[in-house]
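First comes the structure, then the notes that go with it.
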Amino acid sequence: MKAVKIVPDQMKPIDLTFEKCNLTFKNFSANVSTLFGSNISLSCEVSSLSTKIYWLKDGEIVSDIHGAYSKSYLNITNIQTADEGNYTCIVHEKNNQQCSSIKSMIVKVEKLAQLTSGFVCGQPVSTTRRWKRVIDGSRAAPLSAPWMCMLSMDREPPFCGCSLVSDKWVVTAAHCFRSANKLNSTFMSQEDVYKKIRVKFGKQQRRQIEKGEVVRRIQNLVIHPQFILDSIIRNLTNEHDIALLKLNEAIVFQPSILPICLPPPGFMDSVPPGTLGVVTGWGRVSVRDSIMALTLQEAYLPLVNNSSCQQSSNYVITDNMLCAGYAESYRPDTCSGDSGGPFVLQKLSSWYLIGIVSWGEGCSSPKKFGIYTRVDRYVPWIQSILTEKLNEN
């Protein structure tokens, strides 16, 4: 979509002095807010079927070089900040040249991970990592995973991890919010989520209150509508295991608290098996007992193709899941307490959230792998929720 200046040989001059007629706009919206990189359709639908439509952006005709026009709609794909502005559609009734009408709307583009004080998504201030090759997981370097957050209740250890994706939104696993009542397969109520759960950012040490630490409540919990609540159905476990958390107050980005980039749809299609990602968490550090890590841990894990993973699993591995880890039992893996946390991959200079810790058959079990929600499959859903809530505000 591109705006071009009006020149005489491109179109006939438009007379903006309109006669009264029966052109009534449908689905009128004066202001439109959308997310950076998303797709939108601006409606210029009217009651009359025989019309001719022109679109202008900030007073300049919009050319149709990207298939922008679709009957009564202007479609903008992969919207950028430069696409913000005042959009106007001018409608002429073909059978009555004196009958015209005009409609204007303001389009605002919100970045998923907004720029604040020079900070951008997926680019930690510290690029230090403890190891340059794959060995046992251990302490994460300070400031190396600033998008990492923890979910906990008062005076209790964290029960899940999470990832910051904007100044007000967090991504985690849906199964983290199953009701504590095992006889009743339900989710925690929105009231309980707000009252009982704290989201903590800027954490390195699990128990200590640290300088720069920020705590928020959850204003709104959004579970993916297709998440299967029952633990086992048709040997399928934790399908669509993803949830969005809206914070009660916006985060101010700082070196210890920065968002992770969301991958574009299809991002993982070109990533081959064996590629190393990084997982972080405060989960169990021992298979034999329930001791949780005191300091944030990280591990490099290779991606495993789903067909190989399926051969080693008693449960269905779907295309909405990623598989990663090692066949050997002594190698690093995710475990209890790591659920909901990030599995990230670096591409060029930025880190992307490719997976959410979801489930596994044991911890570091021989010939078993960790299963992660494949985030690039859910980016359109994430954007739709964030855009909907943005427009509500």
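Sequential numbering from 1 applies to the sequence shown in full-length UniProt numbering. Every residue gets a Cβ at the ideal spot worked out from N, C-alpha and C, and that includes glycine.
Query - When L303, L353, W359 are compared against V379, the one with the closest alpha-carbon - result: Ranked by Cα distance from V379, the options L303, L353, W359 are led by L353.
Report task. Examine the Cβ distances between the region 310-330 and the region 139-157 and report whether three or more of them are shorter than 8 Å. Result -> Segments in contact, no.
Requested in this report: Note down the Cα distance separating V120 from T172, rounded to an integer number of angstroms.
Outcome: Counting only the Cα atoms, T172 lies some 20 Å from V120.
Query raised in the report: Is E298 buried or exposed, if buried means 16 or more other CB atoms sit within 10 Å of its CB?
Result: Flag for E298 reads buried.
**Report entry** Cβ distance (whole Å) where V91 is taken to contact V46 below 8 Å
**Finding:** Their Cβ separation, rounded to whole angstroms, is 5 Å, which keeps V91 and V46 in contact under 8 Å.
Query raised in the report: K108 and E84: beta carbons closer than 7 Å?
Result: Result yes, Cβ atoms of K108 and E84 sit closer than 7 Å.
Query raised in the report: Buried or exposed: which applies to G161, given that a residue is buried once 16 or more other Cβ atoms fall within 10 Å of its Cβ?
Result: Buried, since its Cβ has 16 or more Cβ neighbours within 10 Å.
Query - the region 298-314 contacting the region 211-229, beta-carbon criterion three pairs below 8 Å - result: Three or more beta-carbon pairs separated by less than 8 Å are not found between the region 298-314 and the region 211-229, which leaves the two stretches without contact.
Query - L151 to T186 span [Cα, whole Å] - result: Going by C-alpha positions, L151 is about 19 Å away from T186.
Report task. Identify the continuous alpha helix (DSSP H) that holds C160 and give its terminal residues. Result -> Taken as a continuous stretch (DSSP letters only), C160 belongs to no alpha helix (DSSP H), being part of the beta strand (DSSP E) at 160-164.
Query raised in the report: Using the C-alpha atoms, what's the distance from C149 back to V32?
Result: Rounded to the nearest angstrom, the two C-alpha atoms are 31 Å apart.
Query raised in the report: Out of S308, G340, V344, W282, which has the shortest C-alpha to C-alpha gap to K368?
Result: With distances taken between Cα atoms, K368 lies closest to S308.
**Report entry** Candidates I79, Y54, K196, of which the one nearest S41 by Cα
**Finding:** Closest option to S41, Cα to Cα, is I79.
Query raised in the report: Would L348 be called buried (16 or more neighbouring beta carbons within 10 Å of its own) or exposed?
Result: L348 counts as exposed, since fewer than 16 other C-beta atoms from the protein chains shown sit within 10 angstroms of its C-beta.
Query - Inter-residue CB distance, E213 and K200 (contact presumed, cutoff 8 Å) - result: Taking 8 Å as the upper bound for CB-CB distance, E213 and K200 are in contact here, some 6 Å apart.
**Report entry** Anticipated Cβ contact below 8 Å, A174 with T280, distance rounded
**Finding:** Rounded, the Cβ-Cβ distance is 20 Å, inconsistent with contact.
Query - Cβ separation of W359 and I371, assumed to be a contact under 8 Å, to the nearest whole Å - result: A Cβ-Cβ separation of about 5 Å places W359 in contact with I371 under the 8 Å criterion.
Query - Backbone CA spacing between T51 and I102 [nearest angstrom] - result: Going from the Cα of T51 to the Cα of I102 covers about 12 Å.
Query raised in the report: Between the C-alpha atoms of S384 and W351, what's the straight-line distance to the nearest angstrom?
Result: Cα to Cα, S384 sits roughly 22 Å from W351.
**Report entry** G277 versus D167: straight-line alpha-carbon distance, rounded
**Finding:** Looking at the two C-alpha atoms, the distance is approximately 24 Å.
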